[in-house]
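Structure first, then comments.
Residue numbers (mature numbering (1 follows the signal peptide of the UniProt record, and there is no 0)): -19 to -1, 1 to 104.
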């Protein structure tokens, strides 16, 4: 009984910590990054392993594979807005960089259709 209770408590702690990290960017200002090409390029270089990463950049890099592979399915509505703005911002500034990003995180193009649908519809 005691080991079962310990196991349940560990699961609750892990779930709470995961939710906190995933919800961290609900109020992230994507517009300020998109409007500043230098900052947008810095984030791009970070997630592409071509430059240094800030703390936020490291966190984005950590969640980016799942975000792209699931078309942001675990994202909150606010997070979907942020992710969509950032991806569309990168795409608008440089289609080759956008495609390079997709090739890195979805090399088999397994989720491109769902991702493009997400970018168009936000869903």
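Glycine residues also receive a C-beta, built at the ideal position from the N, C-alpha and C atoms.
- Contact between residue 71 and residue 78 holds, with the beta-carbon distance rounding to 6 Å and staying under 8 Å.
- For residue 77, the enclosing alpha helix (DSSP H) starts and ends at 76 to 86.
- For residue 44, the enclosing alpha helix (DSSP H) starts and ends at 36 to 50.
- In the structure shown, residue 30 falls within a coil segment according to DSSP collapsed to helix, strand and coil.
- Annotation for residue 24: 38 place their beta carbon closer than 6 Å to its own, counting only its chain and skipping 5 residues before and after.
- Taking the C-beta atoms as reference points, residue 15 is found nearer than 8 Å to residue 67.
- Residue environment for residue 82: buried (at least 16 other C-beta atoms within 10 angstroms of its C-beta).
- Pairing residue 34 with residue 17, the inter-Cα distance amounts to about 17 Å.
- From the listed residues 61, 73, 55, 51, the smallest Cα separation to residue 93 is found for 51.
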